[in-house]
Amino acid sequence: GVSKSTVSALCSAWEKEFSDFNQRLITEEFIYIWVDGVYVKSRLGDDKKCCLLTIMGVTASGEKRLLAVQSGFRESKETWKELLRDLLSRGFKAPMLAVADGALGFWAALSEFEEFSKTKPQRCWVHKIRNVLSKLPASVQTQAKEMLDDMMRAETEASAEKAKKNFKSRYEIKYPKAMECLNKDWKELTSFFSFPAGHWVSIRTTNPLESNFASVKLRTKSTRGSGSLNMAAALAFKLLESCEKKWRKIKYHKDIEHLKNGVEIKDGIVVKTSTIDAQDTAA
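Under my numbering, the first residue of the sequence shown is numbered 192, with each subsequent residue one higher.
This is the structure in structure tokens:
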């Protein structure tokens, strides 16, 4: 019941809003970011190499914000570099933690910017578990997944290491590729232990971002013709913008103050106060 002229007007309006979004100044401070390259079918025809590079962040007040949506060629290093350079040029300051899967393009791009030298990398546990299980036979995957879940949900880094050791003793000899996959990026898998425990459920995976793309994919179908990649990005932006209205603050957002004050956190708990706090206590 919607005329072609109405659809055309809406598309033009969305593209204008998307353009404004990509040119806005970024004045808020971000503590965490989730990063992903998402492939959607909307109006992309047969071009399977195009994807949407997306970044979502948590501000210093705990609010979740959509930071970037940009079309790109797969998840290449150069495309991610272009996006990161653009964000920096508009005032974006490097976060304390970046959460993403093992896609080499983003991490390779991030490493080339001095501005992100202090940003800790956190690999997504959901992707890692999926990759490890793919290297095991179906007959052992259920038990192996339980052991991998124990590592992800460990209360301390030491207990995660212990669970990993148990996994190694059981599977390494028969399935060395699975153990090799788990060992890869282990340091980056355990970065979350240096952040408040109340945030772990959010920062161990890219789920906070990917769960929103479920609604995007639900509403985007393949259409005839190649269509416009920019229109596909604008449509995804509008859908994510709609989702953003329902985003809640990160749990225990007041713990962000500990991070901003430079306190030392081990296994999710404050173990050493900042120099400023210590001076205030002494006074």
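Just so you know, even glycine gets a beta-carbon here, dropped at the ideal spot from N, CA and C. These numbers were taken from a predicted model, which means no experiment stands behind them.
### Between the CA atoms of K359 and K457 - distance to the nearest angstrom
Within the sequence shown, residue 457 is the residue found at index 266, counting from 1. Within the sequence shown, residue 359 is the residue found at index 168, counting from 1. In a straight line, the C-alpha of K457 is about 25 Å away from that of K359.
### Message
Assuming the contact rule is C-beta atoms closer than 8 Å, M422 and E273 should be a hit. Round their C-beta distance to whole Å, please.
### Response
Here residue 422 refers to the residue found at position 231 of the sequence shown. Here residue 273 refers to the residue found at position 82 of the sequence shown. At roughly 20 Å, the Cβ-Cβ gap does not stay under 8 Å, so M422 and E273 are not in contact.
### Whole-angstrom distance between Y223 and P286, CA atom to CA atom
The residue labelled residue 286 in the question sits at position 95 within the sequence shown. The residue labelled residue 223 in the question sits at position 32 within the sequence shown. Linking P286 to Y223 through their CA atoms gives a straight-line distance of about 6 Å.
### Task
Could you tell me which residues DSSP pairs with Q261 in its beta bridges?
What you label residue 261 is simply residue 70 of the sequence shown in a count that begins at 1. Checking the DSSP bridge columns, you'll see Q261 partnered with L244.
### Message
Applying the 10 Å Cβ sphere with the 16-neighbour rule, what's the burial state of Q261?
### Response
Along the sequence shown, one-based indexing puts residue 261 at 70. Buried, by the Cβ-count rule.
### Query
If you run the structure through DSSP and keep just helix, strand and coil, what is I320?
By one-based count along the sequence shown, residue 320 stands at place 129. Three-state result, I320: helix.
### Task
Just the C-alpha distance for P387 and L324, rounded to the nearest angstrom, thanks.
Against the sequence shown, residue 387 aligns to sequence position 196. Against the sequence shown, residue 324 aligns to sequence position 133. Using only the alpha carbons, I get a separation of about 29 Å.
### Task
Pick out whichever of H318, F221, S280 and F297 has its Cα sitting closest to the Cα of V249.
On the sequence shown, residue 249 is found 58 positions in, with the first residue counted as 1. Nearest option by C-alpha distance: F221.
### Message
Quick test of the definition: if touching needs 3 or more C-beta pairs under 8 Å, does the segment 313–323 touch the segment 288–300?
### Response
A contact exists between the segment 313–323 and the segment 288–300.
#### Entry: Contact check, A354 vs M370, beta carbons under 8 Å
Residue numbering aside, residue 354 sits at position 163 when the sequence shown is read from its first letter. Residue numbering aside, residue 370 sits at position 179 when the sequence shown is read from its first letter. Result no, Cβ atoms of A354 and M370 do not sit closer than 8 Å.
#### Entry: C-alpha distance - N213 paired with K451, whole-angstrom precision
Numbered from 1 along the sequence shown, position 22 holds the residue referred to as residue 213. Numbered from 1 along the sequence shown, position 260 holds the residue referred to as residue 451. In this structure, the alpha-carbon of N213 lies about 27 Å from that of K451.
### Message
Excluding the 5 residues flanking Y362 on each side, which residues of the same chain have their C-beta closer than 8 Å to its C-beta?
### Response
Counted from its first residue, the sequence shown places residue 362 at position 171. Excluding the 5 residues flanking it on each side, Y362 has same chain C-beta neighbours closer than 8 Å at L327, V331, A335, A369 and M370, in chain order.
#### Entry: Backbone CA spacing between K356 and E303 [nearest angstrom]
Numbered from 1 along the sequence shown, position 165 holds the residue referred to as residue 356. Numbered from 1 along the sequence shown, position 112 holds the residue referred to as residue 303. Taking the straight line from one Cα to the other gives about 34 Å.
### Query
Do you know whose CA, among Y230, G253, S433 and E266, lies nearest H449's CA?
The residue labelled residue 449 in the question sits at position 258 within the sequence shown. Nearest of Y230, G253, S433 and E266 to H449, Cα basis: G253.
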